[in-house]
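Novice: Supplied in structure tokens, the structure appears directly below.
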Amino acid sequence: MIAARRSYVGIGAVCVLAAAWPAAVTAQEAVTRAVVDQEPAADSVDTGPVTPQEADAIRDTVARPPAGPSTDWVDVVEFPLRIIGWPLNMLLVRVPAYAAARLTAPRPPDFLVRSYREAVDWGLYPAIRTTIGPRSAAAIELQLSRFRPVYVHAAVSRRLSQRYRAGLLGGDVRRWWATELKWQRDSELPWYGIGADTRKTDRAFYRRDWFTTSLRGGIAILSDLAANVGVAYENNVVGDPVLSDNSLFDAFDTEGLFGANVRTEYVRLELNATLDLTEWRDFQQHGMTAGLAGFLYEGVNGTDSGFHAFTGFLQGYVPVNRRQLLALRAVADTRRDDQGDGVPFYHLSSLGGSRTSLGYPSNRFRDHDLLALMSEWRYEVWREINGFSRAEMFLFFNYGAVAEQIEDVFDSSDAWNASYGLGMRITGPTALIGLGYLGFNPRGEGITAGIRGSWPF
16 MIAARRSYVG IGAVCVLAAA WPAAVTAQEA VTRAVVDQEP AADSVDTGPV
66 TPQEADAIRD TVARPPAGPS TDWVDVVEFP LRIIGWPLNM LLVRVPAYAA
116 ARLTAPRPPD FLVRSYREAV DWGLYPAIRT TIGPRSAAAI ELQLSRFRPV
166 YVHAAVSRRL SQRYRAGLLG GDVRRWWATE LKWQRDSELP WYGIGADTRK
216 TDRAFYRRDW FTTSLRGGIA ILSDLAANVG VAYENNVVGD PVLSDNSLFD
266 AFDTEGLFGA NVRTEYVRLE LNATLDLTEW RDFQQHGMTA GLAGFLYEGV
316 NGTDSGFHAF TGFLQGYVPV NRRQLLALRA VADTRRDDQG DGVPFYHLSS
366 LGGSRTSLGY PSNRFRDHDL LALMSEWRYE VWREINGFSR AEMFLFFNYG
416 AVAEQIEDVF DSSDAWNASY GLGMRITGPT ALIGLGYLGF NPRGEGITAG
466 IRGSWPF
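Residue 16 is where the sequence shown starts when you use my numbering, and the numbers rise one by one after that.
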């Protein structure tokens, strides 16, 4: 009886639990779902098959770039500035850097390089220089120095200018002496007339043959100061140009032009001194240098002429930073009559060319006195990775004048002639390797261009 009663109780309990079970499970699921809805979604990927639509959606998501910031006023201003500055960037930075990299790239020596080195080792120095004299164009030069102290030099240019020298050279860097015989022909020298008002269209040419024999000596007074003294005999003959039909004698009245129709012979005394306080640091020159020279010409063998000349320069270098530098140069030149017919026309002061004004050709303006101011802003655009060379772009502005008296230069602004332009320099750690430039002037006289292996500053 008791056992049957216990059986009925157990069956009843099971029935009660069975009836209550759905409600309990339903309550537990509600709590679990509430907790799960508050948690972040699990980082899991369904391992089932991907439909074509889902694959396309995934590809679009992967290929789509991340969203960028919205366009603002900086983008609007920057875009036209980039368009405007692109030609300048190509001209002043990218093209010079590419050219410099190509020119200075290391390469094995070829036949010409090996031949040049062998000739130099033997004592014969071949070279291609930019000029012999004004407007002589590129020249081939040879110098024999094997049998020192004797040296022999010869040069011929594309315009048939010629120079031949032979002499003795002795001493060292602190004290030196030299005696030399030289004959030179400047085949096509330009002549525009005398004064600042000459016109380009009046240009004509002449030939000058001159022979000199000289004795010079120099001494380093201090480590930065050197002085030279010398005496020379000079013989000059002027004639028609070699390759041009536009002769000075056809275009100008040469009767009143001293030196055009007569041979001139002079004994020349010269004295000059140079103070050099510059040094090279990290491809840049620092400091200043100055020089002063005086010449006395006395006519001999029937030349009724005597005159004296003084020339001086002052130049300095102001680094802005390791890539930029400002170079400044001032030149003054004066020629004064002492007796007789005075100064031959080819010995007058000259404005134009790399020495005084890049925007005008050599000897563009001539007169007794000259004053020239030159400035260059140099900016590094490329540097060889091992520090052997670098390329600089430079912008220049020159301002110069000629007059019969130096005070006349300051009395009239019409005597001054400006020029400007740009160029590229290739330099080593302590020296200039070479440069090229383009020059312009506000007189509308065209463009000047040149390649040089040396520079006045």
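Where a beta carbon is used, it is the ideal one built from N, C-alpha and C, also for glycine.
Everything numeric in this text was worked out from a predicted model, so none of it was measured.
#1: If I follow the unbroken alpha helix (DSSP H) through tyrosine 131, where does it start and stop?
#2: Determine the DSSP secondary structure at aspartate 224, reduced to helix, strand or coil.
#3: In the structure shown, what three-state DSSP assignment does asparagine 104 receive?
#4: Counting only beta-carbon separations shorter than 8 Å, does methionine 105 have a partner in chain C?
#5: I'd like the span of the beta strand (DSSP E) that includes phenylalanine 411, first residue to last.
#6: With three or more beta-carbon pairs closer than 8 Å as the criterion, would you say the region 255-272 touches the region 337-356?
#7: May I ask which residues mark the beginning and end of the alpha helix (DSSP H) holding valine 424?
#8: Where does proline 111 fall in DSSP's three states?
#9: Jot down the residue ranges of each uninterrupted beta strand (DSSP E) in the region 165-196, minimum 3 residues, whole runs only, in chain order.
#10: Count the CB pairs spanning the region 322-339 and the region 289-309 that are closer than 8 Å, and state whether there are at least three.
#11: With a CB to CB cut of under 8 Å and the five nearest residues on each side skipped, what residues in its chain are close to serine 262?
#12: Mind checking which residues open and close the alpha helix (DSSP H) that includes alanine 266?
#13: As a quick exercise: from Leu341, Trp431, Val396 and Ala120, pick the residue whose alpha carbon is nearest that of arginine 381.
#14: Using DSSP with H/G/I as helix, E/B as strand and the rest coil, what is alanine 430?
#15: What three-state label does DSSP hand arginine 351 in the structure shown?
#16: How would you label aspartate 201, buried or exposed, when you count the other beta carbons within 10 angstroms and need 16 or more for buried?
#17: For glycine 468 and proline 111, what's the separation of their Cα atoms in angstroms?
#18: Excluding the 5 residues flanking isoleucine 73 on each side, which residues of the same chain have their C-beta closer than 8 Å to its C-beta?
#19: Taking the CB atoms as reference points, tell me whether alanine 472 and arginine 440 lie closer together than 8 Å.
#20: Among Gly182, Ala241 and Pro67, which one has its Cα closest to the Cα of leucine 292?
#21: Work out the CA separation of leucine 385 and glycine 459 for me, nearest whole Å.
#22: Since alanine 241 sits in a beta bridge, which residues does DSSP pair it with?
#23: Do you know offhand how far proline 434's Cα is from phenylalanine 425's?
#24: So, does the region 194-208 touch the region 146-162, judging by three or more C-beta pairs under 8 Å?
#25: Suppose you measure from the CA of proline 124 to the CA of serine 377; what does that come to, to the nearest Å?
#26: What is the residue span of the beta strand (DSSP E) that serine 320 lies within?
#27: Per the DSSP calculation, serine 372 is bridged to which residue(s)?
#28: How is arginine 97 classed by DSSP in three states: helix, strand or coil?
#29: Using CA coordinates, which residue listed in Gly321, Asp297, His323 and Asn287 is at the minimum distance from glycine 306?
#30: Between the C-alpha atoms of tyrosine 312 and tryptophan 137, what's the straight-line distance to the nearest angstrom?
#31: On the DSSP bridge assignment, give the partners of proline 457 in chain order.
#32: In three-state terms, what does DSSP make of arginine 117?
#33: Are serine 404 and isoleucine 462 touching if we call contact CB-CB under 8 Å?
Specialist: So, from the data block:
#1: Locating residue 131 in the sequence shown gives position 116, where the first residue counts as 1. Bounds of the alpha helix (DSSP H) holding tyrosine 131 are 126-137.
#2: For this step, residue 224 is matched to residue 209 along the sequence shown. If DSSP states are grouped into helix, strand and coil, aspartate 224 belongs with the strands.
#3: Counted from its first residue, the sequence shown places residue 104 at position 89. DSSP places asparagine 104 within a helical segment (H, G or I) once states are collapsed to three.
#4: As a matter of chain content, chain C is missing from the structure shown, which is built from one protein chain.
#5: As a working note, residue 411 is residue 396 in the sequence shown. Looking at the DSSP string, the run of the beta strand (DSSP E) that includes phenylalanine 411 is 405-418.
#6: As far as the Cβ criterion goes, the region 255-272 does not touch the region 337-356, which means the pair count is below three.
#7: The sequence position of residue 424 within the sequence shown is 409, counting from 1. Unbroken alpha helix (DSSP H) run through valine 424: 421-426.
#8: In the sequence shown, the residue the question calls residue 111 occupies position 96. When secondary structure is reduced to three states using DSSP, proline 111 falls in the helix class.
#9: Those beta strand (DSSP E) runs which fall completely within the region 165-196 and span 3+ residues are 165-172 and 177-186.
#10: Flag = yes, the region 322-339 and the region 289-309 touch.
#11: As a working note, residue 262 is residue 247 in the sequence shown. Spatial neighbours of serine 262 in its own chain (CB-CB distance under 8 Å, excluding positions within 5 residues in sequence) are listed in chain order as Ala219, Phe220, Tyr221, Asp255 and Pro256.
#12: Here residue 266 refers to the residue found at position 251 of the sequence shown. 263-266 is the span of the alpha helix (DSSP H), which, as asked, contains alanine 266.
#13: As a first step, residue 381 is located in the sequence shown; it is residue number 366 there, counting from the start. For arginine 381, the closest of Leu341, Trp431, Val396 and Ala120 by C-alpha to C-alpha distance is Trp431.
#14: Along the sequence shown, read from residue 1 onward, the residue named residue 430 stands at position 415. DSSP places alanine 430 in helix when its eight states are reduced to three.
#15: The sequence position of residue 351 within the sequence shown is 336, counting from 1. The three-state reading of DSSP puts arginine 351 in strand, counting E and B together.
#16: To locate residue 201, count along the sequence shown from 1; it is residue 186. Aspartate 201 should be labelled buried.
#17: By one-based count along the sequence shown, residue 468 stands at place 453. By one-based count along the sequence shown, residue 111 stands at place 96. Approximately 17 Å, taken between the alpha carbons.
#18: Walking along the sequence shown from the start, residue 73 turns up at place 58. Take isoleucine 73, set aside five residues on each side of it, and the residues of its chain with a beta-carbon closer than 8 Å to its own are Val65, in chain order.
#19: Looking up residue 472 in the sequence shown gives position 457. Looking up residue 440 in the sequence shown gives position 425. Rather than alanine, the amino acid found at residue 472 in this sequence is phenylalanine. Not closer than 8 Å, so no.
#20: Position 277 of the sequence shown, counted from the first residue, corresponds to residue 292. It is Ala241 whose Cα lies nearest to the Cα of leucine 292.
#21: Against the sequence shown, residue 459 aligns to sequence position 444. Against the sequence shown, residue 385 aligns to sequence position 370. Put simply, the backbone Cα of glycine 459 is about 22 Å away from that of leucine 385.
#22: As a first step, residue 241 must be located in the sequence shown, where it is residue number 226. Partner(s): Ala235 and Thr289.
#23: If you number the sequence shown from 1, residue 434 lands on position 419. If you number the sequence shown from 1, residue 425 lands on position 410. Here residue 434 turns out to be serine, not proline, going by the sequence shown. Their backbone Cα atoms lie some 18 Å apart in a straight line.
#24: With three or more CB-CB distances shorter than 8 Å, the region 194-208 counts as touching the region 146-162.
#25: What you label residue 124 is simply residue 109 of the sequence shown in a count that begins at 1. What you label residue 377 is simply residue 362 of the sequence shown in a count that begins at 1. The straight-line gap separating the alpha-carbon atoms of proline 124 and serine 377 is approximately 37 Å.
#26: Mapped onto the sequence shown, residue 320 falls at position 305. Counted as a single uninterrupted DSSP element, the beta strand (DSSP E) harbouring serine 320 occupies residues 320-334.
#27: Walking along the sequence shown from the start, residue 372 turns up at place 357. Beta-bridge pairing links serine 372 to Gly368.
#28: The residue given as residue 97 occupies position 82 in the sequence shown. The answer is helix: DSSP assigns arginine 97 an H, G or I state.
#29: Here residue 306 corresponds to residue number 291 of the sequence shown, with the count starting at 1. Out of Gly321, Asp297, His323 and Asn287, Asn287 has the C-alpha closest to the C-alpha of glycine 306.
#30: The sequence position of residue 312 within the sequence shown is 297, counting from 1. The sequence position of residue 137 within the sequence shown is 122, counting from 1. Rounded to whole angstroms, tyrosine 312 to tryptophan 137 spans 40 Å at the Cα level.
#31: Numbered from 1 along the sequence shown, position 442 holds the residue referred to as residue 457. Per DSSP, none; premise fails for proline 457.
#32: As a working mapping, residue 117 is identified with position 102 in the sequence shown. When DSSP states are grouped into helix, strand and coil, arginine 117 belongs to the helix group.
#33: Counted from its first residue, the sequence shown places residue 404 at position 389. Counted from its first residue, the sequence shown places residue 462 at position 447. Not a contact, by the Cβ cut-off of 8 Å.
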